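If you're matching positions, the sequence shown starts at 2 in the working numbering and goes up one per residue.
Notes follow the structure.
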Amino acid sequence: MAIRAVLLCLAAIMIMGCSVRDRVRGENRGSARGIIYSSSIEPYSQDFHNTPVGTKSLVVNSHMLQVRVSGEWDTDEIMRLAREEGITDLHHIDIKTLSVLLGLYRRQTLIVYGD
């Protein structure tokens with residue numbers, strides 16, 4: 002009975018996204034990834050030395066199915082969208098990732114901060 006309860010707790014932890022470390026762009030970002038669902042917000046860059054926060058922000062979305070259909074971001078597109086929102090100096094970018102069924106569907110959102 003006790004073993005069954007422990008296994009049930011471990012399964013619940015994995016499903017909630019608290020057990021498996023995720024690797025983004027080859028770096029151990031420290032975020033957890035669940036088997037069925039996970040959602041996390043992390044800094045896009047690890048360089049925080051004298052980084053101001055900024056007074057404005059912009060949200061850029063990307064959706065991806067694991068069938069080689071993807072809308073990737075590029076620097077020019079991010080800068081164009083930021084300028085449209087009145088952001089001329091980019092200070093910091095966060096990336097929010099929602100993953101379903103071990104990444105079969107993934108939605109990533111860039112949150113851009115600047116002035």
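The beta-carbon is built from N, C-alpha and C at its ideal position, and this holds for glycine as well.
Every value quoted in this text rests on a predicted model; they were computed, and no experiment measured them.
Can you give the beta carbon distance from residue i to residue j, rounded, assuming they're within the 8 Å contact cut?
i: Thr110; j: Val61; result: 7 Å
Grouping DSSP H, G and I as helix and E and B as strand, with all else coil, what is residue i?
i: Asp77; result: helix
i: Leu99; result: strand
i: Glu86; result: coil
i: Val60; result: strand
i: Arg24; result: In this prediction, Arg24 scores a pLDDT of 42, lower than 50, which makes its location untrustworthy; no coordinate-derived value is stated.
Need the endpoints of the beta strand (DSSP E) that residue i sits in, please.
i: Pro44; result: 38–44
i: Leu111; result: 106–115
Subject >> Contact between the segment 42–49 and the segment 75–82 (3+ Cβ pairs under 8 Å) >> reply: no
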